[in-house]
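Right, one structure below, let's go through it.
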Amino acid sequence: MVEGSMGSGMETSLRYSSHYKNLRIHAKEKFPLDSKTLVQTHGEVEVGSKLPSLLAMSIRRFYPELSASVGVGLQFNSQDKFGYNIRVKKALLLKSNPMLHINVKGRCDTDKDFKQVNCSCSFKSFPNSVWLSCKYLVNFCYNFFYFLAKLVWTSCLST
């Protein structure tokens, strides 16, 4: 239920930033380490300057028995900012309707000193694919994902 692929080749896309008024080439590749773990690398190059605007690497671990995944990584962007991030995704089944489930995603970014820079979460229902993104739920999500990440991290250490 948690979406994701284990090493499906390089994915590329063109992305336009209305904030910075630039076009970027984005590339991402996933390298499987085992059946539940992969290393994901991605980067962006600004078309006009031909300089990298983002370089990032993360390790993602999938937990099919929990319908969850966790990723931790580091990134460097064109503003000379180095930082870390953690991403967590969890699928929740609704007992009233087994065909309907909700994916909950969370992400927290920190600077090089592990001070929180950004934290966000979103909810997506299936099969309707309705996105709900709410800043009011950030504190709830932060605590939920901190708990989930801690739970997954301790299970990683015990295996």
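Okay, so the sequence shown: first residue is 397 according to the working numbering, each after it adds one. We treat Cβ as the ideally placed atom computed from N, Cα and C, and that holds for glycine. Please read these numbers as outputs of a predicted model, since none were measured by experiment.
| Item | Value |
| --- | --- |
| Residue 496 - DSSP class collapsed to helix/strand/coil | strand |
| Reduced DSSP category for residue 462 - H, G, I as helix; E, B as strand; rest coil | helix |
| Check whether residue 419 and residue 427 have beta carbons under 8 angstroms apart | no |
| Residue(s) in a DSSP beta bridge with residue 422 | 409, 440 |
| Cβ neighbours of residue 422 in the same chain (closer than 6 angstroms, five flanking residues each side left out) | 409, 411, 440 |
| Among 448, 509, 505, 443, nearest to residue 475 - alpha-carbon criterion | 448 |
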